[in-house]
């Protein structure tokens with residue numbers, strides 16, 4: 063049965079609860095003065111203790127409820143997004159790399175809402191293997207391919223198409239680059255960055271004007287079929303480190319900033335600028351060295367940029383890329399994953 067009651071905030075009579083000589087007659091038929099309540103709460107706010115429920119408090123409750131209903135009923139299918147959470151162990155600390163799903167859900171609101179109750183996860187943080195284990199990278203590759211199969215197919219667990227992704231990563235940089243290459247840019251996506259100060263996934267406004275990336279090219283760029291790319295963004299990678307890893311000098315291109323630091327990436331515009339610079343650099347290398355050349359990639363980059371590095375790659379167009387990882391124990395770079 064219907065137990066709804068139209069309850070007045072300001073009584074329709076000056077003698078009623080919260081009545082007013084000026085407002086009662088003016089507001090008695092106004093929707094702004096009506097709350098839809100059950101019988102129990104209708105009697106509660108108009109009963110002998112009606113003074114405990116003042117006009118302003120009831121108006122606040124009405125407004126809060128209407129705002130909440132408007133947000134929920136305003137969700138449109140075009141605002142659906144599928145959460146993709148990529149995590150590996152942080153150093154040797156087991157389990158620290160898992161992305162918090164509640165934080166991810168909060169980050170996408172109110173612009174979008176999660177399409178399903180379950181995120182698409184690539185979680186390697188519980189593995190006994192570490193980056194120092196020679197089998198780690200192949201296991202990571204196979205696990206990523208398996209977990210991202212729905213994204214690659216473009217169909218979620220409910221059988222509905224995936225039209226938008228929200229990607230969160232806390233993982234080894236080569237893993238994020240490889241996952242990005244599997245995801246590609248065929249599905250529209252928002253890539254998020256975990257900020258340290260303040261601790262949040264929310265993008266911040268771009269501070270000041272004039273930010274840009276510095277693209278470097280070899281002084282004598284020959285037509286070698288093997289080239290290196292130095293991405294010194296989160297920190298510097300020195301040329302002698304690349305030469306040591308390669309075993310000999312090769313033409314080296316680069317993208318850097320004035321002062322490489324782990325804290326530089328704050329604004330979404332900075333991520334977009336990097337993607338444009340990265341695409342232009344790949345095009346330049348293809349034109350000069352040919353599509354059959356091989357790129358040896360040395361990345362010191364934030365997690366969101368790592369994902370976009372992979373997403374921007376064009377299958378069957380861009381050269382084969384060998385991704386290097388820094389072994390901190392030996393302070394040397396080693397190739398760990400190949401994207402062909």
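Residue numbers (my numbering): 63 to 402. All C-beta atoms in this analysis are idealised placements derived from N, C-alpha and C, irrespective of residue type, glycine included.
Own chain residues within Cβ distance below 7 angstroms of residue i, not counting five before or after
{"i": "residue 203", "result": "240 and 399"}
{"i": "residue 171", "result": "none"}
{"i": "residue 85", "result": "72"}
{"i": "residue 344", "result": "380"}
{"i": "residue 405", "result": "Lying before the first or after the last residue shown, residue 405 is absent from the chain, which here runs from 63 to 402."}
{"i": "residue 83", "result": "76"}
{"i": "residue 356", "result": "287, 288, 381, 382 and 384"}
{"i": "residue 331", "result": "268"}
Backbone CA spacing between residue i and residue j [nearest angstrom]
{"i": "residue 182", "j": "residue 146", "result": "5 angstroms"}
{"i": "residue 260", "j": "residue 90", "result": "48 angstroms"}
{"i": "residue 382", "j": "residue 128", "result": "55 angstroms"}
{"i": "residue 101", "j": "residue 115", "result": "16 angstroms"}
{"i": "residue 353", "j": "residue 286", "result": "12 angstroms"}
{"i": "residue 309", "j": "residue 303", "result": "10 angstroms"}
{"i": "residue 227", "j": "residue 105", "result": "48 angstroms"}
{"i": "residue 305", "j": "residue 215", "result": "40 angstroms"}
{"i": "residue 406", "j": "residue 107", "result": "Since the displayed the chain opens at 63 and closes at 402, residue 406 lies outside it and no answer follows."}
{"i": "residue 93", "j": "residue 179", "result": "36 angstroms"}
{"i": "residue 209", "j": "residue 335", "result": "29 angstroms"}
{"i": "residue 301", "j": "residue 166", "result": "38 angstroms"}
{"i": "residue 164", "j": "residue 257", "result": "16 angstroms"}
{"i": "residue 196", "j": "residue 391", "result": "14 angstroms"}
{"i": "residue 318", "j": "residue 346", "result": "17 angstroms"}
{"i": "residue 211", "j": "residue 95", "result": "53 angstroms"}
{"i": "residue 367", "j": "residue 263", "result": "14 angstroms"}
{"i": "residue 247", "j": "residue 349", "result": "22 angstroms"}
{"i": "residue 191", "j": "residue 201", "result": "9 angstroms"}
{"i": "residue 109", "j": "residue 126", "result": "23 angstroms"}
{"i": "residue 275", "j": "residue 320", "result": "8 angstroms"}
Beta-carbon spacing of residue i, residue j below 7 angstroms
{"i": "residue 373", "j": "residue 245", "result": "yes"}
{"i": "residue 369", "j": "residue 253", "result": "yes"}
{"i": "residue 322", "j": "residue 359", "result": "no"}
{"i": "residue 229", "j": "residue 249", "result": "no"}
{"i": "residue 266", "j": "residue 329", "result": "yes"}
{"i": "residue 299", "j": "residue 233", "result": "no"}
{"i": "residue 15", "j": "residue 363", "result": "Absent from the structure is residue 15, since the part of the chain shown begins at 63 and ends at 402."}
{"i": "residue 361", "j": "residue 314", "result": "no"}
{"i": "residue 31", "j": "residue 237", "result": "No information on residue 31 is available, as it lies outside the stretch 63 to 402 that the chain covers here."}
{"i": "residue 289", "j": "residue 339", "result": "no"}
{"i": "residue 184", "j": "residue 169", "result": "no"}
{"i": "residue 395", "j": "residue 311", "result": "no"}
{"i": "residue 97", "j": "residue 124", "result": "yes"}
{"i": "residue 365", "j": "residue 272", "result": "no"}
Contacting residues, own chain, Cβ-Cβ under 8 angstroms from residue i (five flanking each side not counted)
{"i": "residue 156", "result": "For residue 156, the predicted structure reports a pLDDT of 49, less than 50, and the residue's modelled location is therefore unreliable. The matter cannot be settled from this model."}
{"i": "residue 175", "result": "137, 141, 142 and 143"}
{"i": "residue 162", "result": "none"}
{"i": "residue 386", "result": "236, 307, 358, 359, 360, 361, 395, 396, 397 and 398"}
{"i": "residue 133", "result": "172"}
Neighbour-count burial assignment, residue i, 16 or more Cβ in a 10 Å radius
{"i": "residue 160", "result": "buried"}
{"i": "residue 131", "result": "exposed"}
{"i": "residue 316", "result": "buried"}
{"i": "residue 158", "result": "Unreliable positioning characterises residue 158 in this predicted model, as indicated by a pLDDT of 46, which lies under 50. The coordinate reading is nonetheless provided below. That one is exposed."}
{"i": "residue 379", "result": "exposed"}
{"i": "residue 220", "result": "exposed"}
{"i": "residue 325", "result": "exposed"}
{"i": "residue 217", "result": "exposed"}
{"i": "residue 88", "result": "exposed"}
{"i": "residue 64", "result": "exposed"}
{"i": "residue 242", "result": "buried"}
{"i": "residue 333", "result": "buried"}
{"i": "residue 251", "result": "buried"}
{"i": "residue 193", "result": "buried"}
{"i": "residue 393", "result": "exposed"}
{"i": "residue 177", "result": "buried"}
Own chain, CB closer than 6 angstroms to residue i, minus 5 neighbours either side, in chain order
{"i": "residue 120", "result": "71"}
{"i": "residue 80", "result": "72, 73 and 117"}
{"i": "residue 99", "result": "67 and 69"}
{"i": "residue 384", "result": "358, 397 and 400"}
{"i": "residue 402", "result": "382"}
{"i": "residue 199", "result": "398 and 399"}
{"i": "residue 388", "result": "395"}
{"i": "residue 375", "result": "243"}
Test: residue i CB closer than 7 angstroms to a CB of chain D
{"i": "residue 382", "result": "Here chain D cannot be found, since the structure has a single protein chain."}
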